[in-house]
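All the letters of the sequence shown, read from the start, carry residue numbers 1 to 161 under full-length UniProt numbering. By construction, the Cβ of each residue, glycine as well, lies at the ideal position given by its N, Cα and C atoms. Given the structure is predicted, the values throughout are model-derived calculations rather than measurements. What follows is one structure encoded as structure tokens, with my remarks underneath.
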Amino acid sequence: MPAPILPLIDAATHWPERGALVGLDLGTKTIGVAVSDPDRRLATGVETIQRKAFKADAVRLLAICAERNVVGLVLGLPINMDGSEGPRAQSTRAFARNLANLTTLPIGLWDERLSTAAVERELIGLDVSRARRAEVIDTHAAIFILQGALDRLTTLRRSGQ
Numbered sequence: 001m002p003a004p005i006l007p008l009i010d011a012a013t014h015w016p017e018r019g020a021l022v023g024l025d026l027g028t029k030t031i032g033v034a035v036s037d038p039d040r041r042l043a044t045g046v047e048t049i050q051r052k053a054f055k056a057d058a059v060r061l062l063a064i065c066a067e068r069n070v071v072g073l074v075l076g077l078p079i080n081m082d083g084s085e086g087p088r089a090q091s092t093r094a095f096a097r098n099l100a101n102l103t104t105l106p107i108g109l110w111d112e113r114l115s116t117a118a119v120e121r122e123l124i125g126l127d128v129s130r131a132r133r134a135e136v137i138d139t140h141a142a143i144f145i146l147q148g149a150l151d152r153l154t155t156l157r158r159s160g161q
């Protein structure tokens, strides 16, 4: 049976209370990967996967999940500023559906509007060279996405929802 693909808040009900999550920033050429600690407090960059074919990308992602005892995935969903979903969001949903057929790990979708732009501004502010930014932007975007999701889950947990 395929893994469930749900909005973040709904996916969280399918994850155990403890356990690492993987955050993904899907690009057309790369996939940024971040992982949380088992208590889901801090997101850390893992790597940037150079996209090849879906099967090869999925094998690497699932290997990372196995290596780190991951209990769920958070996939950045690139929603347009007006709230609509364009071709990139559709492509992300298709990737999630294909990945769900290969794993039982629940997949949470998290609005990633402007994540890459925010990370780019941060790196520029830190005076990171253009070449270095190109190397790390996707992993940092995955950290940004996952940390945003972790913070949202923490807020919900504290408010008792």
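Exercise. Nearest-angstrom Cα distance between A66 and M81?
Worked result: Near 35 Å, if we compare the C-alpha coordinates of M81 and A66.
For this session: Give the secondary structure of L42 by DSSP, where H, G and I count as helix, E and B as strand, and everything else as coil.
Result: In the three-state DSSP reduction, L42 falls in the coil class, being neither helix nor strand.
Exercise. Is L102 helix, strand or coil by DSSP?
Worked result: Of the three classes helix, strand and coil, the one that applies to L102 here is coil, per DSSP.
Exercise. Between which two residues does the alpha helix (DSSP H) carrying A66 extend?
Worked result: That run of the alpha helix (DSSP H) goes 54-67.
Exercise. Mind checking P87: buried by the 16 CB within 10 Å criterion, or exposed?
Worked result: Residue burial is scored here from C-beta neighbours: P87 has fewer than 16 other C-beta atoms within 10 angstroms and is therefore classed as exposed.
Problem set entry | Continuous alpha helix (DSSP H) stretch holding D25: start and end | In the DSSP assignment, D25 falls outside any alpha helix (DSSP H) and within the unbroken beta strand (DSSP E) covering 20-26.
For this session: Report yes if the CB atom of A43 is closer than 9 Å to the CB atom of F144, and no otherwise.
Result: Yes, Cβ-Cβ distance for A43 and F144 is below 9 Å.
Exercise. Below 9 Å between beta carbons: does that hold for L24 and I31?
Worked result: Closer than 9 Å, so yes.
For this session: Name, in chain order, the residues that DSSP records as bridge partners for A34.
Result: The beta-bridge partner set that DSSP reports for A34 consists of G23, G45.
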